[in-house]
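Colleague: If you count the sequence shown from 1, position 54 lands on 54 in UniProt numbering, and the numbers rise without skipping.
Glycine included, C-beta positions come from ideal geometry on N, C-alpha and C.
Just so it is clear, the structure is predicted and the values come from calculations on it, not from any experiment.
Sharing a structure here in structure tokens format.
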Amino acid sequence: MFNSKFGSIPKFYVRAPGRVNIIGEHIDYCGYSVLPMAVEQDVLIAVEPVKTYALQLANTNPLYPDFSTSANNIQIDKTKPLWHNYFLCGLKGIQEHFGLSNLTGMNCLVDGNIPPSSGLSSSSALVCCAGLVTLTVLGRNLSKAKLIEFSPLRATDVKLPSGAVFVIANSCVEMNKAATSHFNIRVMECRLAAKVQAKLGISLEEMLL
1 MFNSKFGSIP
11 KFYVRAPGRV
21 NIIGEHIDYC
31 GYSVLPMAVE
41 QDVLIAVEPV
51 KTYALQLANT
61 NPLYPDFSTS
71 ANNIQIDKTK
81 PLWHNYFLCG
91 LKGIQEHFGL
101 SNLTGMNCLV
111 DGNIPPSSGL
121 SSSSALVCCA
131 GLVTLTVLGR
141 NLSKAKLIEF
151 SPLRATDVKL
161 PSGAVFVIAN
171 SCVEMNKAAT
181 SHFNIRVMEC
191 RLAAKVQAKL
201 GISLEEMLL
């Protein structure tokens, strides 16, 4: 499919898995620690760097249309939850992290088997995969992180008990966070509740009575 799209073959492949939180579901935006775990389902990107500034994106899923732009003029339309915007976020994140002004173009074919809107972070996997693509094209590296704490920000490895098994069940109920305000409302609800609790001087134990 790559050859039919771009008339060439990919030079390398990048993979990023989906994830679930063993602890920390919906508490990261409140500043609490999270412990994410990768799952088998993943996003794969076949990549061919090119000598121009053209960035061409294609997806094996026909529901997601092709997209092209200049690698040096990344514009992300925040009002539209288009699939290619997640790739652009990963690319732009690496660009800004290293303070780069000129990026090489590339042809990318995206594939994946993470169920969308299922809580397995398919969009985050695409962002991470795009970041890894950009790092590879640029010949750069970033460190890895597992247990993530926010106050202060730090990450540490965690050793799981021998023989530990996790069962990840798909409820088959979809929640498209990009197309609704439910997620943002929950963030604001948590922040408002914390401020009210602090102002009233009520402990969590008292609230639960």
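How would you call residue 193, buried or exposed, if buried means at least 16 neighbouring beta carbons within 10 angstroms?
Modeller: Here residue 193 corresponds to residue number 193 of the sequence shown, with the count starting at 1. Exposed: under 16 other Cβ atoms inside 10 Å.
Colleague: Would you check if the distance between the CB atom of residue 94 and the CB atom of residue 138 is smaller than 9 angstroms?
Modeller: On the sequence shown, position 94 is the one that residue 94 refers to. On the sequence shown, position 138 is the one that residue 138 refers to. By the CB criterion at 9 angstroms, residue 94 and residue 138 fall inside the cutoff.
Colleague: Which value, in whole angstroms, describes the spacing of the CA atoms of residue 30 and residue 182?
Modeller: Here residue 30 is taken as the residue at index 30 of the sequence shown, counted from 1. Here residue 182 is taken as the residue at index 182 of the sequence shown, counted from 1. Distance between the alpha carbons of residue 30 and residue 182 is about 16 angstroms.
Colleague: Using DSSP bridges, identify the partner residues of residue 112.
Modeller: Here the question's residue 112 lines up with position 112 in the sequence shown. Per DSSP, 43.
Colleague: Starting from residue 67, follow its DSSP beta bridges and name the residues at the other end.
Modeller: By 1-based counting over the sequence shown, the position of residue 67 is 67. Residue 67 is bridged by DSSP to 57.
Colleague: Of the residues 2, 124, 106 and 47, which one's Cα is nearest the Cα of residue 38?
Modeller: Position 38 of the sequence shown, counted from the first residue, corresponds to residue 38. Nearest C-alpha to residue 38: 124.
Colleague: Given that a residue counts as buried once 16 or more other Cβ atoms are within 10 Å of its Cβ, and exposed if not, what is residue 109?
Modeller: Translated into the one-based positions of the sequence shown, residue 109 becomes position 109. It is buried - the Cβ of residue 109 has at least 16 other Cβ atoms within 10 Å.
Colleague: My output table needs one value for residue 119: the three-state DSSP class, helix, strand or coil.
Modeller: For the purposes of this step, residue 119 is taken as the residue at position 119 of the sequence shown. Correct three-state label for residue 119: coil.
Colleague: Taking buried to mean at least 16 other C-beta atoms within 10 Å of its own C-beta, is residue 169 buried or exposed?
Modeller: For the purposes of this step, residue 169 is identified with residue 169 of the sequence shown, where counting begins at 1. Flag for residue 169 reads exposed.
Colleague: Which first and last residues belong to the beta strand (DSSP E) in which residue 155 is found?
Modeller: Here residue 155 is taken as the residue at index 155 of the sequence shown, counted from 1. Element bounds for residue 155: 153 to 156.
Colleague: Any idea what DSSP makes of residue 188, helix, strand or coil?
Modeller: Working through the sequence shown from its first residue, we reach residue 188 at position 188. For residue 188, the three-state secondary structure derived from DSSP is helix.
Colleague: Check this for me: beta carbons of residue 83 and residue 59, under 9 angstroms apart or not?
Modeller: Counted from its first residue, the sequence shown places residue 83 at position 83. Counted from its first residue, the sequence shown places residue 59 at position 59. Yes, Cβ-Cβ distance for residue 83 and residue 59 is below 9 angstroms.
Colleague: Using CA coordinates, which residue listed in 70, 65 and 88 is at the minimum distance from residue 76?
Modeller: Numbered from its first residue, the sequence shown carries residue 76 at position 76. Ranked by Cα distance from residue 76, the first of 70, 65 and 88 is 88.
Colleague: Output the distance between the C-alpha atoms of residue 96 and residue 205, rounded to the nearest integer angstrom.
Modeller: Locating residue 96 in the sequence shown gives position 96, counting from the first residue. Locating residue 205 in the sequence shown gives position 205, counting from the first residue. It is roughly 44 angstroms from the alpha-carbon of residue 96 to the alpha-carbon of residue 205.
Colleague: Below 8 angstroms on the Cβ atoms is my guess for residue 107 versus residue 50; work out the distance and round it to an integer in Å.
Modeller: Start at 1 with the first residue of the sequence shown, and residue 107 comes out as number 107. Start at 1 with the first residue of the sequence shown, and residue 50 comes out as number 50. Contact holds; Cβ gap of about 6 angstroms.
Colleague: Taking the beta strand (DSSP E) that residue 13 belongs to, which residues open and close that run?
Modeller: As a position in the sequence shown, residue 13 is number 13, starting the count at 1. DSSP places residue 13 inside the beta strand (DSSP E), whose first and last residues are 12 to 23.
Colleague: What's the C-alpha gap between residue 188 and residue 195?
Modeller: Counting from one through the sequence shown, the residue named residue 188 turns up at place 188. Counting from one through the sequence shown, the residue named residue 195 turns up at place 195. So the alpha carbons of these two residues sit roughly 11 angstroms apart.
Colleague: Looking at C-alpha atoms only, which residue of 136, 119, 32 and 21 is the closest neighbour of residue 153?
Modeller: Along the sequence shown, one-based indexing puts residue 153 at 153. Nearest of 136, 119, 32 and 21 to residue 153, Cα basis: 32.
Colleague: Would you kindly check if the distance between the Cβ of residue 57 and the Cβ of residue 105 is under 9 angstroms?
Modeller: The residue labelled residue 105 in the question sits at position 105 within the sequence shown. The residue labelled residue 57 in the question sits at position 57 within the sequence shown. No; because the gap between Cβ atoms is not below 9 angstroms, this pair is not in contact.
Colleague: Helix or strand or just coil, what does DSSP make of residue 169?
Modeller: Translated into positions along the sequence shown, residue 169 becomes position 169. If DSSP states are grouped into helix, strand and coil, residue 169 belongs with coil.
Colleague: In or out: residue 19 buried (at least 16 other Cβ within 10 Å) or exposed?
Modeller: The residue given as residue 19 occupies position 19 in the sequence shown. Residue 19 should be labelled buried.
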